[in-house]
Each structure stands twice: as structure tokens, then as C-alpha cells.
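Here this note's numbering runs 18 ahead of the position in the sequence shown, where the first position is 1.
One structure below.
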Amino acid sequence: MTELTHATERVQLAEERDRVVEQLRQLGRAPGTEELSYDEGFADTAAATAERGEVDALAGQLLESLQDIDDALAKIDAGTYGRCESCGNEISPPRLEAMPTARLCIVCASQRR
Ligand SMILES: [Zn+2]
């Protein structure tokens, strides 16, 4: 049975999006917010530099997730959700359930590694 509206995935993705945005907000990196200005004395220490690097890395991952989520939501709207971006075959439902933002079918995903 094919559910063309993908209502469940849409809700899942919206919730996931909220979580990601909230995490970004806690890091001070939510889209649309000014980049945090670091206190200069604090930023001089190696520990602060390392911490900033970790925040950058984490924020980068979160922004990638956000992009994946937005793309998946756009695909639901466009009616192309659940199709592999590489070969165009359907992505298996269990894979989509485990990873609602999957862009590739299992075959293409395994070939890319
Ligand atoms: Zn594929």
C-alpha cells in the first residue's frame, strides 16, 4: 500500500527539524541568527579554541541534517519523496522508516562508500 501524502514521514521530519533547530539555537547557530561573537580573552585559550572547533563541527553536522530534512520535506511536496536520487528506484519503506531523510536506495548508498 502506497501512501502518497507521506503524512507520517512529514510529521516525523517536522519533529526532527524542530529538534535540530533547537540544538542549533543552543549552540547559537540557528539559521538567521548572528554568529556568536567570542569573548577575546576567553577565545585566547587553547581549550576555548578546541571547544569552538567542536561547536563548529557539531553545528556543521546539524546544518547538514537540517538541509536533508528540508530537502525531504520539499520532495514530499513535489511528490518525489521515497525515490532514490541516483537511480530513481523506490527506497525501501524500512530504510525510509529508519532514515526518513535518506536520499539514496540501499544499493546506491552502499556503492558510494
Ligand atoms: Zn538507487
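Beta carbons are placed, not taken as given, at the ideal position from N, Cα and C, and that holds for glycine.
Please tell me whether, using a cut-off of 6 Å, the distance from the CB of residue i to the nearest non-hydrogen atom of ligand 1 is below it.
i: Ser104; result: yes
i: Val39; result: no
i: Val125; result: yes
Who are the near neighbours of residue i in its chain, counting only those whose CB is closer than 8 Å to its CB and skipping five residues on each side?
i: Leu84; result: Arg35, Val38, Val39, Leu42, Pro49
i: Leu45; result: Val73, Leu76, Ala77, Leu80
Note down, in chain order, each residue of its chain lying with its Cβ closer than 7 Å to the Cβ of residue i, except the 5 sequence neighbours on either side.
i: Ser104; result: Leu122, Cys126
i: Ala120; result: Ile109, Arg113, Leu114
i: Ala25; result: none
i: Cys102; result: Ile109, Leu122, Cys123, Cys126
i: Ala90; result: Leu31, Tyr99, Pro118, Thr119
Given 6 Å as the limit, tell me if residue i has its C-beta closer than that to any heavy atom belonging to ligand 2.
i: Leu42; result: Here the bound small molecules are ligand 1; ligand 2 is not part of this structure.
If you compare alpha carbons, which of the options is closest to residue i?
i: Glu27; options: Met117, Arg130, Gln129, Ala64; result: Met117
i: Arg47; options: Leu76, Glu33, Val29, Ala65; result: Leu76
Considering only residues of the same chain and omitting the five flanking positions on each side of residue i, which have a CB-CB separation below 6 Å?
i: Asp86; result: Thr119
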